[in-house]
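Q: Just passing along the structure, written as structure tokens.
Residue numbers (the UniProt record's numbering), protein chains in the order written: chain A, 1 to 457; chain B, 1 to 457.
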């Protein structure tokens, strides 16, 4: 048992308790009633960084939720790693589907079950504890900075400005983030691409009040019928998005890279079985991995209108609503796409209704070249712990702030994810295997070691 | 001031208080938590009929909500009028749109504001009080029976069977109902046609759990996207319903009758202004009055799925739901239509999802010939009170039980409605003008008078 393994073994229960304390704070950033919880989480992180060995830690105000910053500078001549994570989590509805309460972590079947167990409380906690390990065992080879924000799940609307204002303080050689997944527990992966995002709420108004569907049905446009037709028109029979100009800036991926992607282990039958679907769906001409990795998507995330209670109420409703999102790929500008959607959606509205479109959030896609020394340091760290060289992987998810870091701070990010697909992030019964939690804490110090060595060369 | 007017004037405040007592019982039949309120309403009606002059009144159990029956038999040789009404009301959501609490009646601007003020507590109360008036002034010329049910708003699922079982008790020459509207307060109308109804709930299931829209978006069918496309396909660009065979049994209305209908006063501009819509919508080739009067409709009454809370949650939901209804016209069989929809909707579902269709309720359309003596008695009664001969009118609404009465009891129904379109039935801020309430009580005894006279001939 080496030094790292020994330290983890001796402190594993305390690590878990520190994570549980963080999980118990219901820091849902999209619900304004949880604002006080965001401050509790920020203070929790401040204490956590100090007790883990930071020289200094501080809660910063922003125009939205607070950011916790902490650092340990061992030698200005050494390389600096900036760790990014987020303390906020997704909403937990539908509550009735959770097997244990979302904010009361429970260990079952070797996994931690709770909202945030993986995304991103579990994964960011690994960095705090790996940092503690290096400090307490006198093996820290780099300067370390932590930046933990509270608005990632709502698109990090204030972090870009905060980075801008604190550029000097945030100076670093690389940004290190664990907020992504590995393909399988025995197959480590480093995410080299992230999709961008655009997200809108639409409101369709027909008559100025709910109407009797008998007296008016057939003569007055029903906003739900109309909204359905409008949504239906947004994609064609080939799964293409019909917004004019939508694909203009999409970076087409070379045949060579697509051939490499095709080597990623993927079993369509188990994929379908795991989701209990008879057939997958998507853009014609692309594989499932390509559909989420290199192609944009169009999903209605929520829809509502009219009577949704028990039984049968006959009503021709006044309004219908939807939350609509599109995942974007490298080179698509989320602001341009947001405007494109807005004007296109307005343009296909019939004169029988009024349509309002409100952009809710967005972010750029991101790509990380595998030639970066920091990427190679991460590769070696995984190889040591997992016994296998990790595959580079393009994720379908979005961490909009990653491309902002590149634009504002000029620093590339390494996405060392330890999550698994089965972790059900954003869903009921989110979970995180204990093994991944501890292996993460074991892998991260090796990244620091190799990154420091490579930087000395 | 004649006898009728004098009695109303002397008792008008008490009449109103008796109505208010009924309104205060939140008898929402579609919500099972209100079951006890249905029994309270049934007992209230029993007391009301007894205190109004019935020989006998009784609350009958059914497989669903109770029915209150009461009668006064003055002479078996005289004609018998069977009054039908309903004590149940529609749900009240969205509550925040009500200017005063729905079950706390308030008088403002000469109107009663409350759920059920018109539909059908206000309109059925007129019959109880007109009955009292005739009893107390010794002018009752017919035998009278009352049948007040508690499931009209959910399609009267048990009343047909109850009628079947009580055929002898319910024997009558005509059924009299006030549950419809007049075109304008100065233009009385008698409803001669009612649309039928079919109503379904549909459930579309994609993946077996809510998914991260980044990890899966673009590769797995989104049930909201799919449901929208399915709903969109149900009507074409001409406003025709696309279910194969849907129009096969529709009774096409003659050019002559359509020419007559075209004479009904109707101002498209004020119609659009009242609803705050720029354009009406509907089946090509038919006027607005025809679209609701003689043509079937297809309306989504409710839709829901995914994240519908505050802010932006990115999710690819597991399920999407809709409540869908179709208003039917004479000669269409609601059961055949229900099956047609069910199999068609299933047939257009892609293999990427599972679709369940549950019929929730339905009823046949109805037509009343204007040659009936009872129709002519109603005409004369309105003429006396309103100074104008009423127009026959085809209503877009449904009272499914009316056609059941004809099938089971073999009795035609006269629909003497006193509601107005502005009464906002089924909507927030339902109301009923005091003037219509009192004029109704004044008109009904005249119907009995003329009907008795005509029956003697």
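In this text, a Cβ means the ideal position worked out from N, Cα and C, and glycines have one as well.
Roughly how many whole angstroms lie between the Cα atoms of residue 1(B) and residue 366(B)?
A: In the second chain, counting from the first residue as 1, residue 1(B) sits at position 1. In the second chain, counting from the first residue as 1, residue 366(B) sits at position 366. So the alpha carbons of these two residues sit roughly 38 Å apart.
Q: Could you check which residue in 395(A), 397(A), 398(A) and 379(A) has the C-alpha nearest to that of residue 389(A)?
A: Locating residue 389(A) in the first chain gives position 389, counting from the first residue. With respect to the C-alpha of residue 389(A), the residue from 395(A), 397(A), 398(A) and 379(A) having the closest C-alpha is 379(A).
Q: Can you give the Cα-Cα distance for residue 62(B) and residue 285(A), rounded to whole angstroms?
A: Numbered from 1 along the second chain, position 62 holds the residue referred to as residue 62(B). Numbered from 1 along the first chain, position 285 holds the residue referred to as residue 285(A). Going from the Cα of residue 62(B) to the Cα of residue 285(A) covers about 59 Å.
Q: Report the partner residues of residue 146(B) according to the DSSP bridge assignment.
A: For the purposes of this step, residue 146(B) is identified with residue 146 of the second chain, where counting begins at 1. Beta-bridge pairing links residue 146(B) to 70(B) and 83(B).
Q: Would a C-beta distance cut-off of 9 Å place residue 357(A) and residue 376(A) closer than the cut-off?
A: Taking the first residue of the first chain as 1, we reach residue 357(A) at position 357. Taking the first residue of the first chain as 1, we reach residue 376(A) at position 376. No.
Q: Let's test the definition: count the other Cβ atoms within 10 Å of the Cβ of residue 244(B) and tell me whether it reaches 16, buried, or not, exposed.
A: As a position in the second chain, residue 244(B) is number 244, starting the count at 1. With fewer than 16 other Cβ atoms within 10 Å, it is exposed.
Q: Give me, in chain order, the residues of the same chain whose beta-carbon lies closer than 7 Å to that of residue 224(A); leave out the 5 immediate sequence neighbours on both sides.
A: Here residue 224(A) refers to the residue found at position 224 when the first chain is read from its first residue. Result list for residue 224(A): 305, 306, 317 and 320, in chain order.
Q: Counting only the same chain and skipping the five closest in sequence on each side, list residues whose C-beta sits under 8 Å from that of residue 22(B).
A: The sequence position of residue 22(B) within the second chain is 22, counting from 1. Counting only Cβ-Cβ distances below 8 Å, and skipping sequence neighbours, we find 41, 44, 45, 48, 87, 116, 121 and 125.
Q: For residue 205(B), collect the residues of the same chain with a Cβ closer than 7 Å to its Cβ; drop the 5 residues on either side in sequence, then sort them by chain order.
A: Taking the second chain and counting its residues from 1, the one referred to as residue 205(B) is at position 205. Around residue 205(B): 223, 318, 319, 353 and 354.
Q: For residue 301(B), would you say it is in contact with chain A, using Cβ-to-Cβ distances shorter than 9 Å as the test?
A: Taking the second chain and counting its residues from 1, the one referred to as residue 301(B) is at position 301. Closer than 9 Å to some Cβ of chain A, the Cβ of residue 301(B) qualifies, so yes.
Q: Mind checking residue 110(A): buried by the 16 CB within 10 Å criterion, or exposed?
A: On the first chain, position 110 is the one that residue 110(A) refers to. Answer is exposed; the Cβ neighbour count stays below 16.
Q: When the Cα of residue 19(B) is compared with those of 182(B), 32(B), 158(B) and 127(B), which residue comes out closest?
A: Numbered from 1 along the second chain, position 19 holds the residue referred to as residue 19(B). If you compare the alpha carbons of 182(B), 32(B), 158(B) and 127(B) with that of residue 19(B), the shortest gap goes to 127(B).
Q: For the segment 303-331 of chain A, enumerate the residues whose C-beta is nearer than 8 Å to any C-beta of chain B, in chain order.
A: 303, 304, 305, 306, 307, 308, 309, 310, 311, 312, 313, 314, 315, 316, 317, 320, 321, 322, 323, 325 and 327
Q: Cα separation between residue 220(B) and residue 394(A)?
A: The residue you call residue 220(B) lines up with position 220 of the second chain. The residue you call residue 394(A) lines up with position 394 of the first chain. Cα to Cα, residue 220(B) sits roughly 17 Å from residue 394(A).
Q: Please decide whether residue 463(B) counts as near chain A, where near means a Cβ-Cβ distance under 9 Å.
A: Residue 463(B) falls outside the range modelled here, since chain B spans only 1 to 457, and no answer is possible.
Q: Spell out the partners DSSP gives residue 393(A) in its beta bridges.
A: One-based indexing of the first chain puts residue 393(A) at position 393. Answer is 191(A).
Q: Compile a chain-ordered list of the residues in the segment 167-181 of chain A whose CB is closer than 9 Å to at least one CB of chain B.
A: Answer set for the segment 167-181 of chain A: 181.
Q: Select from 103(A), 147(A) and 442(A) the residue whose C-alpha is nearest the C-alpha of residue 90(A).
A: Along the first chain, read from residue 1 onward, the residue named residue 90(A) stands at position 90. The shortest C-alpha separation from residue 90(A) is found at 103(A).
Q: According to a CB-to-CB cut-off of less than 8 Å, which residues of the segment 112-132 of chain A neighbour chain B?
A: Correct list: empty, as no residue qualifies.
Q: Confirm, please, whether the CB-CB distance from residue 144(A) to residue 80(A) is below 9 Å.
A: Within the first chain, numbered from 1, the residue matching residue 80(A) stands at position 80. Within the first chain, numbered from 1, the residue matching residue 144(A) stands at position 144. In contact: residue 80(A) and residue 144(A) (Cβ atoms closer than 9 Å).
Q: Output the distance between the C-alpha atoms of residue 293(B) and residue 215(A), rounded to the nearest integer angstrom.
A: Position 293 of the second chain, counted from the first residue, corresponds to residue 293(B). Position 215 of the first chain, counted from the first residue, corresponds to residue 215(A). Using only the alpha carbons, I get a separation of about 8 Å.
Q: For the pair the segment 160-176 of chain A and the segment 258-266 of chain A, tell me if three or more CB-CB distances fall below 8 Å.
A: no
Q: State whether the segment 323-338 of chain B contacts the segment 407-426 of chain B, with contact taken as three or more CB pairs (one from each stretch) at a distance under 8 Å.
A: When Cβ pairs closer than 8 Å are counted between the two stretches, the segment 323-338 of chain B is seen not to touch the segment 407-426 of chain B, the count staying below three.
Q: Applying the criterion that 16 or more other CB atoms from any shown protein chain within 10 Å of the CB defines a buried residue, is residue 66(B) buried or exposed?
A: The residue labelled residue 66(B) in the question sits at position 66 within the second chain. It is buried - the Cβ of residue 66(B) has at least 16 other Cβ atoms within 10 Å.
Q: In or out: residue 108(A) buried (at least 16 other Cβ within 10 Å) or exposed?
A: Your numbering for residue 108(A) matches position 108 in the first chain. Exposed, because fewer than 16 other Cβ atoms sit within 10 Å of the Cβ of residue 108(A).
Q: For residue 17(B), which three-state DSSP category applies?
A: By one-based count along the second chain, residue 17(B) stands at place 17. Correct three-state label for residue 17(B): helix.
Q: Please report the Cβ distance between residue 392(B) and residue 411(B), rounded to the nearest whole angstrom; I am assuming they are in contact, meaning their Cβ atoms lie under 8 Å.
A: In the second chain, counting from the first residue as 1, residue 392(B) sits at position 392. In the second chain, counting from the first residue as 1, residue 411(B) sits at position 411. For a cut-off of 8 Å, the C-beta gap from residue 392(B) to residue 411(B) is around 19 Å, too long to register as a contact.
Q: Would residue 436(A) and residue 419(A) be called neighbours here (beta carbons separated by less than 9 Å)?
A: The count along the first chain starts at 1 and reaches residue 436(A) at position 436. The count along the first chain starts at 1 and reaches residue 419(A) at position 419. Yes.
Q: DSSP puts residue 439(A) in a beta bridge; with which residues?
A: To locate residue 439(A), count along the first chain from 1; it is residue 439. In the DSSP output, where bridge partners are listed per residue, residue 439(A) has none listed.
Q: Does residue 184(B) come within less than 9 Å of chain A when only Cβ atoms are used?
A: For this step, residue 184(B) is matched to residue 184 along the second chain. So no, residue 184(B) is outside the interface.
Q: Considering only the beta carbon of each residue, do residue 192(A) and residue 415(A) sit closer than 9 Å?
A: Residue 192(A) sits at position 192 when you count from the first residue of the first chain. Residue 415(A) sits at position 415 when you count from the first residue of the first chain. Yes, the Cβ-Cβ distance between residue 192(A) and residue 415(A) is below 9 Å.
Q: With 8 Å as the limit, tell me which residues of the segment 30-59 of chain A have their beta carbon closer than that to any beta carbon of chain B; keep them in chain order.
A: Cβ contacts with chain B come from 30, 31 and 32.
Q: Who are the near neighbours of residue 440(B) in its chain, counting only those whose CB is closer than 6 Å to its CB and skipping five residues on each side?
A: On the second chain, position 440 is the one that residue 440(B) refers to. 126 and 418.
Q: Looking at the structure shown, is residue 295(B) part of a helix, part of a strand, or coil, going by DSSP?
A: Indexing the second chain from 1 puts residue 295(B) at position 295. Looking at residue 295(B) - three-state DSSP - the assignment turns out to be coil, as it is neither helix nor strand.
Q: Anyone know if the C-beta pair for residue 27(A) and residue 310(B) falls short of 9 Å?
A: Along the first chain, one-based indexing puts residue 27(A) at 27. Along the second chain, one-based indexing puts residue 310(B) at 310. With contacts defined as CB atoms closer than 9 Å, residue 27(A) and residue 310(B) fail to qualify as a contacting pair.
Q: Report back the beta-carbon spacing between residue 64(A) and residue 188(A) to the nearest angstrom; my notes put them in contact at under 8 Å.
A: Here the question's residue 64(A) lines up with position 64 in the first chain. Here the question's residue 188(A) lines up with position 188 in the first chain. Not quite, the Cβ-Cβ distance comes to about 34 Å (not below 8 Å), so this is no contact.
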